[in-house]
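When the letters of the sequence shown are read in order and numbered with numbering that gives the first Met the number 0, they come out as residues 0 to 103.
Ideal Cβ placement from N, Cα and C applies to all residues, glycine included.
Since the model is a prediction, treat every value here as computed from it, not as a measurement.
Okay, so here's the structure we're looking at.
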Amino acid sequence: MKYYEILFVFIVLLGAFQLSYSIFRMTIIDAKSRHFKHPHFWGLFTMGRNSSNLILYLLGRRNYPSIMSLEDQQKMDSYKKRVGVALVFIALGTISLIISEVLF
């Protein structure tokens, strides 16, 4: 494996970890605003497996109203932007890795 391939894999992994952490933090903020017991559990619950737990959380939470403060809304917007950046990192790293494999 060449040095640039290692760099591209690192970029993809960096994006993946940031995406996972941002979803974890957004779930905690959302669970607190809906007054769920053990919001950190819900954050860990949504990170597991192939995101099927995230879908279960999203389906189950709609029965509870959200009362989110302005500060929490700003944090949520910040994490949403971080998710976008993480997806860009994943996409660019993957595309670069594929191109490097095809051309070199």
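Using a Cβ distance threshold of 8 Å, VAL11 and ILE97 do not count as a contacting pair. Take the alpha-carbon of PRO64 and the one of HIS39: they are about 19 Å apart. If only uninterrupted alpha helix (DSSP H) runs of at least 4 residues are considered, those enclosed by the stretch 13–74 are 38–46 and 51–60.
In this structure, ILE5 keeps its C-beta atom at 8 Å or more from the C-beta atom of SER32. Distance from the CA atom of LYS80 to the CA atom of LEU13, rounded to whole angstroms, is 15 Å.
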